[in-house]
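To start, the structure under review is shown below, and the notes come after it.
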Amino acid sequence: MKKIILLSVLSLILFACGKGEKEQSIDSLISSKNVKALQEKKVALQAEIATIEEALATLDVKVDEALVGVTIVKDTVFNHYLEVQGNVDTKENIVIQPEYSGTLTSLTVKAGQRVSKGQILGRVDDAGMSQQLASAENQYQLAKTTYERQKNLWDKKIGSEIQYLQAQTQMVSAQKAVSQIKAQLSKTVIRAPFSGTIDEVFVEKGEVVAPSAQGLMRIVNLGNMYVSTTIPESYIGKLKIGDQVDVFLTSLGKTYKGKVRQVGSFINPNNRSFGIEVSVPNPENLLRPNQVAKLKIIDYVSKDAIVVPTGVIQEDANHDQFVFVVEGSNGKTGKAKKVLVKTGKSSDNVTEILSGLSTNDVIVTDGVNNISEGMKLNF
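Every letter in the sequence shown is one number past the one before it in our numbering, and letter 327, counting from 1, is 345.
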């Protein structure tokens, strides 16, 4: 009823404005592109509409009834999230290269096999270094024996000092030769650098191998996964190591609880952001490097907040936000009352109300677009 009255009166106002001798019509103002006159016309009409709304609010007219849904406002914990996209990764994902070139004489693993750190994965032909090592060890033992005898004689003041020093030098040189050959020989043994799973094997036993872009095999550890992303610099100080983060994997449709494990110390001048890493548990081994993840990072918390569904908040002609509160509720019926509110942050389809509502207020949640001030409500 009020809407009908409002439209009728507005039509009369527009008609009266068109009849005025000193006032130009809206069409003529638009045609002349007179922005200033159009703005003045808009302000005048808005003032007229506000006056009509105030008058209608005081009129004792019969109001319509509406069936609505309601809820009681309660204090709750409100969290606001920063939502960003990132990529799943692991630092333990490498291609194993041979340290020594030669024929692959042994290959002890296959794709999909679980291996432990230090486990032997294969061997490369040592090209006779084993025999060289045996010879060097014999020379070392001889040099060591000679040195020990010269030392005993020198301790008894027998022989010359130069003989003693020469024996000592020969023993040290032989010892170093043995160590060098052992170090070279160890490079022919291919070992797992960390515990993980052999993802792919690129070579076969008997092939001649050397360091290359392809490598020998890929090893991945899915137990140390993390998500990397960048955050706007305005969030400096709002994030710290240990903060909890919800990590949603689009491909899996699952949400994991992660924690910030690293916060970057450098601002990228190109996009004014800094990097973070969020560790993510992987108990089911479903996470894979390069998966896309959506991060929800808490950047604001209010422990005793009043929140309402974002969709119930409306805006009037004066750009004031309001909600409809049930006045005189008896549990089944009541009257609609327009209440101006001041809103805060919004998250997950709810908005924090900073002022205007109190605990235990009954607000209209369903059917808000079909009611007006003073209308009888059924719920």
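Note that the Cβ used here is the ideal one computed from N, Cα and C, for glycine as well.
DSSP state of Asn396 mapped onto helix, strand, coil: Counting from 1 along the sequence shown, the entry for residue 396 is found at position 378. Of the three classes helix, strand and coil, the one that applies to Asn396 here is strand, per DSSP.
Who are the Cβ neighbours of Ile31 in its own chain at under 6 Å, not counting the five residues just before and after it? Here residue 31 refers to the residue found at position 13 of the sequence shown. For Ile31, the predicted structure reports a pLDDT of 46, less than 50, and the residue's modelled location is therefore unreliable. A value from the coordinates is still provided. Excluding residues within five positions, the ones whose Cβ falls inside 6 Å are Glu66.
Whole-angstrom C-beta distance between Gly392 and Tyr353, which should lie under 8 Å: Sequence index remark: in the sequence shown, residue 353 carries index 335 (1-based). Sequence index remark: in the sequence shown, residue 392 carries index 374 (1-based). Residue identity check: residue 353 is Lys in the sequence provided, not Tyr. With 8 Å as the limit, Lys353 and Gly392 qualify as a contact, their Cβ atoms being about 6 Å apart.
Give the range of the beta strand (DSSP E) segment to which Glu166 is assigned. What you label residue 166 is simply residue 148 of the sequence shown in a count that begins at 1. Judged by DSSP secondary structure, Glu166 falls outside any beta strand (DSSP E) and instead within the alpha helix (DSSP H) spanning 147–173.
Beta carbon of Pro327, beta carbon of Leu234: below 8 Å? The sequence position of residue 327 within the sequence shown is 309, counting from 1. The sequence position of residue 234 within the sequence shown is 216, counting from 1. No; because the gap between Cβ atoms is not below 8 Å, this pair is not in contact.
Three-state secondary structure (DSSP) of Gly329: Here the question's residue 329 lines up with position 311 in the sequence shown. Under the three-state reduction of DSSP, Gly329 is assigned to helix.
In this structure, what does DSSP give as the bridge partners for Arg209? Position 191 of the sequence shown, counted from the start, is the residue given in the question as residue 209. Answer is Ile138, bridged to Arg209.
Would you kindly check if the distance between the Cβ of Phe340 and the Cβ of Leu358 is under 8 Å? Translated into the one-based positions of the sequence shown, residue 358 becomes position 340. Translated into the one-based positions of the sequence shown, residue 340 becomes position 322. Yes, the Cβ-Cβ distance between Leu358 and Phe340 is below 8 Å.
Of all the options Ala311, Ile254, Ile315, which has the alpha carbon lying nearest to the alpha carbon of Phe292? Sequence index remark: in the sequence shown, residue 292 carries index 274 (1-based). Checked all of Ala311, Ile254, Ile315; the closest Cα to Phe292 is Ile254.
Starting from Ser204, follow the alpha helix (DSSP H) in both directions and report where the run begins and ends. The residue given as residue 204 occupies position 186 in the sequence shown. That run of the alpha helix (DSSP H) goes 179–204.
Could you tell me if Gln103 is buried or exposed, where buried requires 16 or more neighbouring beta carbons within 10 angstroms of its beta carbon? For the purposes of this step, residue 103 is taken as the residue at position 85 of the sequence shown. Gln103 should be labelled exposed.
Just to confirm before moving on: does the CB-CB distance between Tyr244 and Glu295 stay below 8 Å? As a first step, residue 244 is located in the sequence shown; it is residue number 226 there, counting from the start. As a first step, residue 295 is located in the sequence shown; it is residue number 277 there, counting from the start. In this structure, Glu295 lies closer than 8 Å to Tyr244 by Cβ.
Just the Cα atoms here: how many angstroms apart are Val79 and Thr369? Residue mapping note: residue 79 aligns to position 61 of the sequence shown, counting from 1. Residue mapping note: residue 369 aligns to position 351 of the sequence shown, counting from 1. With a pLDDT of 44 at Val79, under the threshold of 50, the modelled position of this residue cannot be trusted, and the question is left open.
Please classify Ile199 as buried or exposed, where buried requires at least 16 other C-beta atoms within 10 Å of its C-beta. If you number the sequence shown from 1, residue 199 lands on position 181. Ile199 should be labelled buried.
Beta-carbon separation (whole angstroms), Asp107 vs Pro229, contact threshold 8 Å: Locating residue 107 in the sequence shown gives position 89, where the first residue counts as 1. Locating residue 229 in the sequence shown gives position 211, where the first residue counts as 1. Going by Cβ atoms, the distance from Asp107 to Pro229 rounds to 24 Å, so no, they are not a contact pair.
Out of His98, Ala68, Gly87, Glu218, which one is the CA nearest neighbour of Phe397? For the purposes of this step, residue 397 is taken as residue 379 along the sequence shown, with counting starting at 1. Nearest C-alpha to Phe397: Gly87.
Among the residues of its own chain, which have a CB less than 7 Å from the CB of Thr383, if the five just before and after it don't count? The sequence position of residue 383 within the sequence shown is 365, counting from 1. Within the same chain, Gly87, Val88, Thr89, Pro327, Val330 come within 7 Å of Thr383 by CB-CB distance, once the 5 residues on both sides are set aside.
Cβ shell of Ala192 (< 6 Å), same chain only, five flanking positions each side left out: On the sequence shown, residue 192 is found 174 positions in, with the first residue counted as 1. Excluding positions up to five away in sequence, the list reads Gln157, Tyr158, Ala161.
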